[in-house]
Amino acid sequence: MSGLHKSEDLGNQTLQPSSSALQTPQLLTSKSADNVVNSGETDCDCACPNAPFTITTTNLLDTTFSTWPETYTVSLRQGYQLAFSPFAPAGPSVLNPAAWQRYQTFHQQAQPLKETIDHELVQQNLLIPTGHQPQIQPTAPDQLTAWLHVTNACNLDCPYCYVRKSSAHMSLETGLETVDNLFTAACRQGFSRIKLKYAGGEATLHFSLVQTLHERAMALAQKTGLELREVVLSNGVTLTSTMLNWFESTQVRLMVSLDGLGAVHDRQRPRKGGGASFEQVMHTLENLVQPRQIDLHLSVTVTGASAPYLADLVQWILDHNWPFSLNFYRQTPLSADRQDFELEQQTIIEGMQAAYRVIEQTIDQATVQNLPSRPLVNGLLDKVQSQAHTHTCGVGQTYAVVTHTGQVAQCQMHLDQPISDHLDAHQLLPTLAHGPIQNLSVQEKPECQTCTYRYRCTGGCPVETFRVTGRWDVKSPNCTIYQTLYPELLRLEGLRLLKCHGY
14 MSGLHKSEDL GNQTLQPSSS ALQTPQLLTS KSADNVVNSG ETDCDCACPN APFTITTTNL
74 LDTTFSTWPE TYTVSLRQGY QLAFSPFAPA GPSVLNPAAW QRYQTFHQQA QPLKETIDHE
134 LVQQNLLIPT GHQPQIQPTA PDQLTAWLHV TNACNLDCPY CYVRKSSAHM SLETGLETVD
194 NLFTAACRQG FSRIKLKYAG GEATLHFSLV QTLHERAMAL AQKTGLELRE VVLSNGVTLT
254 STMLNWFEST QVRLMVSLDG LGAVHDRQRP RKGGGASFEQ VMHTLENLVQ PRQIDLHLSV
314 TVTGASAPYL ADLVQWILDH NWPFSLNFYR QTPLSADRQD FELEQQTIIE GMQAAYRVIE
374 QTIDQATVQN LPSRPLVNGL LDKVQSQAHT HTCGVGQTYA VVTHTGQVAQ CQMHLDQPIS
434 DHLDAHQLLP TLAHGPIQNL SVQEKPECQT CTYRYRCTGG CPVETFRVTG RWDVKSPNCT
494 IYQTLYPELL RLEGLRLLKC HGY
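The opening position of the sequence shown corresponds to residue 14 in my numbering, with each subsequent residue numbered one higher.
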């Protein structure tokens, strides 16, 4: 799939470039399109990595540069080419014909940097000093993220849920103490931002508690100067106008789970005791959320059962212009008997490819004004992100799960395996680092070292990998799925970049 600068034609018609395009080399990136490199943080139920790294190269004036052999390239439209280095800081680059021609000269022969475009290619690590490999320079994480497990209770009975349902919920005292300790820990460790995820169960069943914890967090953010981000994870079934007015006024993000249209969603997310939930969720989204200015994110869990119908859901979401993420099902002890949910490779690949075709059609028909504003690499292939990083998530480093009783776990999938009876603000990070989950860097996974996409996938979810293989230091069991789909995702981002610039 990736090779020595092997261009692939994925079916786009290649048009003759205009003469103006040939005159001035131009390189398009997500940063040039959006004026900012989006961190790509999406609000599924997992903790996005928060410690990207920078890559440095020896940049002496008298050195020569050449292309990197693992760079992936593919033809786009109008003579434009997409190029993606394993060491790219934040996603792919799109080169116009003149830039591509200049880039090719470095492939043919190492040479010094002479033109402006040469330096732009170096910034994207498409050109590397001859005989040198880019050096990874970890950066200090700036965000502490915490999952606040408000309740075990839920009005749905999703078969893949990892929560053992009960009526138990977090007390006000426990919640306030937790928020206080999290801010203390964040300040002590030098974080500049804190993110709180109010979850369950169904967190909105105890909405007054969520509101009170939000008020305490806001007061502490103002007092400490920490930036505060918050999200409430919900199934969307019992959201009321009063609740949604609160979301609109506070701009706390609302994440709603949506797994399909109609019966597809209902099979994966039935009501407690049986019955459909989709119609209620759709009514809430279209009639209560849509008219309001709410920071909404939809989280889609893709299973073997839902993948064949994924394209229909993606089309519906795009028609409403809602941000969303596509996340792969992970087996839990409670869902071990659901063989229909398993990620059979061909089923998942074909379902995702159909969804990507829908996204491509949307890009083709969109205007610059209504294009997706964030890089398409983020959130559209499980935990893969556009920004270069070494760890799949923040587990063991900058992510804490606090149970309804105030205990601390490394991951919400380990709610019943706490590593501490309480959140110690002075020892939080060491406590998280010494739990049973080993969230290794991709550099510690030998099988990943030759993969062009290793700093985007980073070997996948460590908990899922260990469940399947019994090891932490091997590639994801979904590796073939990632390697098949990631080039298609890069191509979609390339098409978005072209459209953003009017091509």
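Beta carbons are placed, not taken as given, at the ideal position from N, Cα and C, and that holds for glycine. The structure displayed is predicted, hence computed values, not measured ones.
For I149, report the span of its beta strand (DSSP E) as first-last. Taking the sequence shown and counting its residues from 1, one reaches residue 149 at position 136. Run containing I149: Q148 to P151, per the beta strand (DSSP E) assignment.
For L239 and P125, what's the separation of their Cα atoms in angstroms? By one-based count along the sequence shown, residue 239 stands at place 226. By one-based count along the sequence shown, residue 125 stands at place 112. If I take the Cα positions, the gap works out to 45 Å.
### Task
Pick helix, strand or coil for I141, following the three-state DSSP scheme.
Numbered from its first residue, the sequence shown carries residue 141 at position 128. In this structure, I141 counts as strand in the three-state DSSP scheme.
**Request:** Apply the 10 Å Cβ neighbour rule to M14 and answer buried if 16 or more other Cβ atoms are within range, or exposed otherwise.
**Result:** As a position in the sequence shown, residue 14 is number 1, starting the count at 1. Confidence in M14 is poor, its pLDDT being 32 and thus under 50, which makes the residue's placement too unreliable to answer from.
With R467 and C461 assumed to form a contact (beta carbons below 8 Å), what rounded beta-carbon distance in angstroms separates them? Walking along the sequence shown from the start, residue 467 turns up at place 454. Walking along the sequence shown from the start, residue 461 turns up at place 448. Sure, about 5 Å apart at Cβ, within 8 Å.
**Request:** Kindly indicate which residue of L252, L108, G407 and D193 has the alpha-carbon position closest to the one of L233.
**Result:** For the purposes of this step, residue 233 is taken as the residue at position 220 of the sequence shown. When each option's Cα is compared against that of L233, the closest is D193.
Element boundaries [beta strand (DSSP E), containing R242]: Here residue 242 refers to the residue found at position 229 when the sequence shown is read from its first residue. Start and end: E240 to S247.
- Message: Can you list, in chain order, the residues of its chain with a C-beta nearer than 6 Å to that of G53? Leave out the 5 residues immediately preceding and following it.
- Response: Numbered from its first residue, the sequence shown carries residue 53 at position 40. Confidence at G53 is low in this model, with a pLDDT of 46, below 50, so the placement of that residue should be treated as unreliable; the coordinate-derived value is given next. Taken in chain order, the residues that qualify are N391, Q398, S399 and Q400.
Legend entry - Cut-off 6 Å between Cβ atoms - residues of its own chain near D170, not counting five sequence neighbours on either side: Within the sequence shown, the letter at position 157 stands for residue 170. Excluding residues within five positions, the ones whose Cβ falls inside 6 Å are P283 and K285.
Where F337 and K127 are concerned, what is the direct C-alpha to C-alpha distance, given to the nearest angstrom? Position 324 of the sequence shown, counting from 1, holds the residue named residue 337. Position 114 of the sequence shown, counting from 1, holds the residue named residue 127. So the alpha carbons of these two residues sit roughly 43 Å apart.
Spatial neighbours of D272 in its chain, beta-carbon cut-off 7 Å, leaving aside the 5 residues before and after: The residue given as residue 272 occupies position 259 in the sequence shown. Counting only Cβ-Cβ distances below 7 Å, and skipping sequence neighbours, we find H278, Q281, R282, V313, T314 and S319.
Note to self: I want to know whether the stretch 350-358 touches the stretch 297-311 - three or more CB-CB distances under 8 Å.
What the structure shows: no
Next on the checklist: Assuming contact is defined by CB atoms lying nearer than 8 Å, are L339 and L393 in contact in what I supplied?
Outcome noted: Position 326 of the sequence shown, counted from the first residue, corresponds to residue 339. Position 380 of the sequence shown, counted from the first residue, corresponds to residue 393. Yes, Cβ-Cβ distance for L339 and L393 is below 8 Å.
Exercise. Which runs of the alpha helix (DSSP H) spanning at least 4 residues fall entirely within the stretch 351-433, listed in chain order?
Worked result: 358-378
Return the residue from the list W485, E243, E363 and P385 that minimises the CA-CA distance to G330. For the purposes of this step, residue 330 is identified with residue 317 of the sequence shown, where counting begins at 1. Per the sequence shown, residue 330 should be read as Ile rather than Gly. Of W485, E243, E363 and P385, the residue nearest in Cα terms is P385.
Checklist line | Where L498 sits in the DSSP three-state scheme | finding: As a working mapping, residue 498 is identified with position 485 in the sequence shown. It is helical.
DSSP beta-bridge partners of W113: For the purposes of this step, residue 113 is taken as the residue at position 100 of the sequence shown. DSSP output for W113 lists no bridge partner at all.
When DSSP labels each residue in this structure, what does N258 get in the three-state scheme? Taking the first residue of the sequence shown as 1, we reach residue 258 at position 245. Helix.
Can the beta-carbon of T84 be found less than 8 Å from the beta-carbon of A96?
Along the sequence shown, read from residue 1 onward, the residue named residue 84 stands at position 71. Along the sequence shown, read from residue 1 onward, the residue named residue 96 stands at position 83. Yes. Within cutoff.
_Looking at L436: is its Cβ nearer than 8 Å to the Cβ of T42?_
As a position in the sequence shown, residue 436 is number 423, starting the count at 1. As a position in the sequence shown, residue 42 is number 29, starting the count at 1. Not closer than 8 Å, so no.
task = May I have the straight-line CA-CA distance separating A103 from Q410, to the nearest angstrom?
result = As a first step, residue 103 is located in the sequence shown; it is residue number 90 there, counting from the start. As a first step, residue 410 is located in the sequence shown; it is residue number 397 there, counting from the start. Distance between the alpha carbons of A103 and Q410 is about 22 Å.
- prompt: Between the C-alpha atoms of V414 and D434, what's the straight-line distance to the nearest angstrom?
  reply: Locating residue 414 in the sequence shown gives position 401, where the first residue counts as 1. Locating residue 434 in the sequence shown gives position 421, where the first residue counts as 1. Whole-angstrom Cα-Cα distance: 12 Å.
* Where do the N-terminal and C-terminal ends of the alpha helix (DSSP H) with I330 fall, by residue? -> Position 317 of the sequence shown holds residue 330. That run of the alpha helix (DSSP H) goes L323 to H333.
message = Please list the terminal residues of the continuous alpha helix (DSSP H) segment that includes I130.
response = Indexing the sequence shown from 1 puts residue 130 at position 117. Its alpha helix (DSSP H) spans residues T129 to Q136.
| request: Report the rounded CA-to-CA distance for R201 versus G419, giving the unit in angstroms. | output: Position 188 of the sequence shown holds residue 201. Position 406 of the sequence shown holds residue 419. When rounded, the distance between both Cα atoms is 20 Å.
*Which residue from A111, P147 and A112 puts its Cα closest to that of S98?*
As a first step, residue 98 is located in the sequence shown; it is residue number 85 there, counting from the start. Closest by alpha carbon: P147.
### Task
Give the DSSP bridge partners of A101, in chain order.
Walking along the sequence shown from the start, residue 101 turns up at place 88. The partner list for A101 (beta bridge, DSSP) is empty, contrary to what the question assumes.
Let me confirm a value: P500 is counted as buried when at least 16 other C-beta atoms fall within 10 Å, else exposed. Which label applies? Mapped onto the sequence shown, residue 500 falls at position 487. Label assigned to P500: buried.
Leaving out five residues before and five after V481 in sequence, what residues of the same chain have Cβ atoms less than 8 Å from its Cβ? The residue labelled residue 481 in the question sits at position 468 within the sequence shown. Closer than 8 Å at the Cβ level, and outside the excluded window around V481, lie P490.
Straight-line Cα distance separating H227 from L301:
Counting from 1 along the sequence shown, the entry for residue 301 is found at position 288. Counting from 1 along the sequence shown, the entry for residue 227 is found at position 214. For L301 and H227, the distance between alpha carbons rounds to 22 Å.
R387 versus G507: straight-line alpha-carbon distance, rounded
Against the sequence shown, residue 387 aligns to sequence position 374. Against the sequence shown, residue 507 aligns to sequence position 494. Distance between the alpha carbons of R387 and G507: 12 Å.
| query | What residue range is occupied by the uninterrupted alpha helix (DSSP H) comprising L185? | reply | Within the sequence shown, the letter at position 172 stands for residue 185. Here the alpha helix (DSSP H) through L185 covers L185 to R201.
Among residues of its own chain, excluding the 5 on either side of L511, which ones have a beta-carbon nearer than 8 Å to its beta-carbon?
The residue given as residue 511 occupies position 498 in the sequence shown. Once the five neighbours on either side are set aside, the close Cβ partners of L511 are L41, L89, R90, Q91, Y93 and V107.
Which residues in the same chain as Y211 place their Cβ atom closer than 6 Å to its Cβ, once the five residues preceding and following it in sequence are excluded?
-> For the purposes of this step, residue 211 is identified with residue 198 of the sequence shown, where counting begins at 1. So the qualifying residues of the chain are L161, V163, V223 and V245.
Q.
Taking its Cβ as the centre, do 16 or more other Cβ atoms sit within 10 Å of K236, making it buried, or is it exposed?
A. Within the sequence shown, residue 236 is the residue found at index 223, counting from 1. It is exposed - the Cβ of K236 has fewer than 16 other Cβ atoms within 10 Å.
Do you know offhand how far L241's Cα is from M231's?
-> Position 228 of the sequence shown, counted from the start, is the residue given in the question as residue 241. Position 218 of the sequence shown, counted from the start, is the residue given in the question as residue 231. Taking the straight line joining both Cα atoms gives about 7 Å.
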